[in-house]
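Residue numbers (this note's numbering), protein chains in the order written: chain A, 1 to 314; chain B, 1001 to 1246. Where a beta carbon is used, it is the ideal one built from N, C-alpha and C, also for glycine. Step one of this worksheet: look at the structure below.
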Amino acid sequence: MILRALLHLTLATCRRYAREERVLRSVVWPIFLTPVTLVATLAFLTAARSPDPTVAVPDVTTPLAADLAEAGFIPVAVPHPRDAIDQGQTVIATDGEVVWTSAHSDITLRLESAVRTHRGSGWVLLFQRTPPDEQVLRTMGGLTLRPLAMLFVLYALVFSLGAISRDRDAEILDVELSLPLPGWGPVLARWVAAVLLLVPAHGLSVGLMQVIMPASDPVQFLLRGTGAIATAAAVGIAIAGGAGRRQGFSGPFAVGSILVAGAFTAGPLIPWARDVLPVFNVFTDAPGLSSLLIGLASGPVGAWLHTWREGRVR
Amino acid sequence: MTLPLVVKDLRKRYQGPDGPVDAVAGLSLSVARGEVYGLLGPNGAGKTTTLRCLATLTRPDSGTVHIQGVDRIADPLGARSRIAYVPAEAGLPERLTPREVVRLFASIQGVPSPRERAETCLDLLSALPFADTPCGDLSTGMKRRVVLARALVHEPPLLLLDEPTDGLDVPGRRDVLAVIRAQRDAGKGVVLSSHIMGEVEKVVDRVGIVARGQLVAEGTVREVLDIAGAKDLDDAFVALVGSGAP
Chain A
1 MILRALLHLT LATCRRYARE ERVLRSVVWP IFLTPVTLVA TLAFLTAARS
51 PDPTVAVPDV TTPLAADLAE AGFIPVAVPH PRDAIDQGQT VIATDGEVVW
101 TSAHSDITLR LESAVRTHRG SGWVLLFQRT PPDEQVLRTM GGLTLRPLAM
151 LFVLYALVFS LGAISRDRDA EILDVELSLP LPGWGPVLAR WVAAVLLLVP
201 AHGLSVGLMQ VIMPASDPVQ FLLRGTGAIA TAAAVGIAIA GGAGRRQGFS
251 GPFAVGSILV AGAFTAGPLI PWARDVLPVF NVFTDAPGLS SLLIGLASGP
301 VGAWLHTWRE GRVR
Chain B
1001 MTLPLVVKDL RKRYQGPDGP VDAVAGLSLS VARGEVYGLL GPNGAGKTTT
1051 LRCLATLTRP DSGTVHIQGV DRIADPLGAR SRIAYVPAEA GLPERLTPRE
1101 VVRLFASIQG VPSPRERAET CLDLLSALPF ADTPCGDLST GMKRRVVLAR
1151 ALVHEPPLLL LDEPTDGLDV PGRRDVLAVI RAQRDAGKGV VLSSHIMGEV
1201 EKVVDRVGIV ARGQLVAEGT VREVLDIAGA KDLDDAFVAL VGSGAP
């Protein structure tokens, strides 16, 4: 009877959240925020790493200029190539004997190689950049998934805390607490609904990231992320004992933020916590199963703590 | 016959900024079947705290509350299944429709055939025309009808109504009072808190006037008027609790 009632309440809470535009909007933006940020960052880095291959030379009609053009450079004539560097007109310059550069990138090596080839040097620098191997790329992909999980963890905290305080202010929670259910029931229903909403959003976000920059073993990221989201939502409902009408939102939110941020920070420093506890292991490569299980168990604990803090012993 | 509500020496103390505050200080009352009991008092007198204690939302420090014979402390779930609490705010989720809300409460209360019962209650409160409109789009009067439909869905022996006509226009108030009378005629016990004396006079069988968490007068409207030596409840109220804050 009670389980069935809790199921009805949980489904109704899910339905409410699914219909609330502000809830959907607030879930959609974190899904796309990190992938879009990553793409923008990659685009910026690509642009920054490939400066204009313009090279300042004394004369564009010389064989040097022709050889440089053949090597992919765009020769431009300046009276004094070195001055072009000093004045910031180009980042590379040569008169066929000396190479001047203000760039710290591959383009300098490419220019040296082209000049040596032109001069028939005794040795030639054969410059070739090897693209990063897949393992490196997957490691980088994993590095980007960690802040993604952190984003959702913080959001889970805000979401569950806000759901409780908002419903308390509207007296929706009071009405549900006067139903023949255990006091933790309506609170647990909100935790379940928050997890059901946020975990798929996190999964979708991880999926998008996998398309852009695949990470090794994304399943572990999903497990750790799910456990951390569930735990953060549980922290949110646990600290929301007085949030809303009487206490406002900011005090409990500050407490929750400190708890979660502390776990993020302390996690990599405490081996046993890093290996086992959700939220603590968001920035690690620890196996995710224990995190998931503990995270799923945290909901009832958070609901009970909420009831206890609220001072209702039923 | 077991009374819908028996309260004895109810006490609740809060920690205020200037020290402990006795929100409810030894309040006793009872409500019979088919009786509407008006809990009157100025703001801060302890009406809402009393109702929250009765609705099992706030645990009293001491005293006993029996709802149709069920001890509110020993068996809170049993007590809750025998009450319907209607707070001053509607307490309706904005994006659910009245039909969904009333069905949900019927299901949670374990009502047989919750769909049919929900339709009956919505019809009783003339809420069917807007039963599929999201609650957030309803007027105050419409919301009040839905809230009452939700409260009646499991036919509780005791209704706890906190300012049930607050914010309603005249037709809305009349409708709500008619529903309260109908529940009384059906043998239910009703406790309503209000500070609108005129409407209370029209519907209550007995009143209890609360000040500083205590009952300062109780009886029928006539009896309270005699105690206060007043012509109407407004005058009686002022005579008994004073015109200032509690």
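Grouping DSSP H, G and I as helix and E and B as strand, with all else coil, what is residue i?
| i | result |
| --- | --- |
| L1122/B | helix |
| V124/A | coil |
| W100/A | strand |
| P1004/B | coil |
| Q1183/B | helix |
| A170/A | coil |
| R1011/B | strand |
| V252/A | One point to set straight first is that residue 252/A is Pro, not Val, in the sequence displayed. It is helical. |
| V1194/B | Before going on, a small fix: residue 1194/B reads as Ser here, not Val. The answer is strand: DSSP assigns S1194/B an E or B state. |
| D1022/B | strand |
| R312/A | With a pLDDT of only 47 at R312/A, under 50, the local geometry of the prediction cannot be trusted, and no value is derived from it. |
| R16/A | helix |
| S1081/B | coil |
| G973/B | Nothing about residue 973/B can be reported from this structure: the residues present for chain B run from 1001 to 1246 only. |
| G1046/B | coil |
| A5/A | helix |
| T1058/B | coil |
| P1246/B | Annotation note: pLDDT 45 at P1246/B (below 50); position unreliable, no value reported. |
| A1032/B | coil |
| A1074/B | coil |
| R116/A | helix |
| G203/A | helix |
| D86/A | helix |
| P75/A | strand |
| E1218/B | strand |
| L1039/B | strand |
| I270/A | coil |
| V1111/B | coil |
| V1147/B | helix |
Which residues in chain A have a C-beta closer than 8 Å to the C-beta of residue i? List them in chain order.
| i | result |
| --- | --- |
| Y1085/B | D174, V175 and S178 |
Would a C-beta distance cut-off of 7 Å place residue i and residue j closer than the cut-off?
| i | j | result |
| --- | --- | --- |
| P1087/B | D1162/B | yes |
| D174/A | L1096/B | no |
| T307/A | G203/A | no |
| P1114/B | A1106/B | yes |
| S1193/B | K1047/B | yes |
| G241/A | R309/A | yes |
| L64/A | G96/A | yes |
| V1224/B | E1201/B | no |
| V187/A | I237/A | yes |
| A1228/B | A1211/B | no |
| L179/A | Y17/A | no |
| Q1068/B | P1004/B | yes |
List, in order along the chain, the chain B residues whose C-beta lies closer than 9 Å to that of residue i?
| i | result |
| --- | --- |
| A170/A | E1089, A1090, G1091, L1092, P1093 and E1094 |
| A5/A | S1107, I1108, Q1109 and G1110 |
Residues of chain B with CB under 8 Å from residue i, in chain order?
| i | result |
| --- | --- |
| L9/A | L1104 and I1108 |
| R309/A | Residues of chain B passing the Cβ test: none, with the nearest at roughly 13 Å. |
| R138/A | The contacting residues do not exist; R138/A stays about 42 Å from chain B at best. |
| E20/A | E1094 and R1095 |
Which bits of chain A does residue i rub up against, with CB to CB less than 7 Å?
| i | result |
| --- | --- |
| R1080/B | S178, L179 and P180 |
| L1005/B | The premise fails here: L1005/B is roughly 14 Å from chain A at the closest Cβ pair, so nothing lies under 7 Å. |
| A1055/B | S178 |
| L1260/B | In the structure as shown, chain B begins at 1001 and stops at 1246. Residue 1260/B is therefore absent and cannot be evaluated. |
| L1077/B | P180 |
Going along chain B, which residues have a C-beta under 7 Å from residue i?
| i | result |
| --- | --- |
| R25/A | The premise fails here: R25/A is roughly 14 Å from chain B at the closest Cβ pair, so nothing lies under 7 Å. |
| R16/A | P1093, R1095 and L1096 |
Check the Cβ of residue i against every Cβ in chain A and list those closer than 9 Å, keeping chain order.
| i | result |
| --- | --- |
| L1051/B | Simply none; closest approach about 10 Å. |
Inset, instruction - Flag this pair as touching only if the region 277-290 of chain A and the region 210-228 of chain A have three or more C-beta atom pairs under 8 Å; answer yes or no. - result: yes
Legend entry - Three or more C-beta pairs below 8 Å linking the region 1074-1088 of chain B and the region 1029-1037 of chain B: no
Legend entry - Positions along the region 1129-1144 of chain B whose CB lies within less than 9 Å of some CB in chain A: P1134
Legend entry - Contact between the region 141-154 of chain A and the region 199-213 of chain A (3+ Cβ pairs under 8 Å): yes
Legend entry - At least 3 beta-carbon pairs within less than 8 Å: the region 87-94 of chain A vs the region 56-69 of chain A: yes
Legend entry - Three-pair Cβ contact test at 8 Å for the region 215-224 of chain A versus the region 134-144 of chain A: Flag = yes, the region 215-224 of chain A and the region 134-144 of chain A touch.
Legend entry - Cβ pair count under 8 Å reaching 3, the region 109-127 of chain A against the region 67-78 of chain A: They touch, by the three-pair rule.
Legend entry - Cβ contact (3+ pairs, closer than 8 Å) linking the region 1149-1169 of chain B and the region 1179-1193 of chain B: yes
Inset, instruction - Would you check if there are 3 or more beta carbon pairs closer than 8 Å linking the region 286-306 of chain A to the region 1133-1144 of chain B? - result: Too few Cβ pairs lie closer than 8 Å, so no.
Inset, instruction - Return the residues of the region 287-305 of chain A that lie within a Cβ-Cβ distance of less than 9 Å from chain B, sorted by chain order. - result: Those residues of the region 287-305 of chain A that come within reach of chain B (Cβ to Cβ, closer than 9 Å) do not exist; the list is empty.
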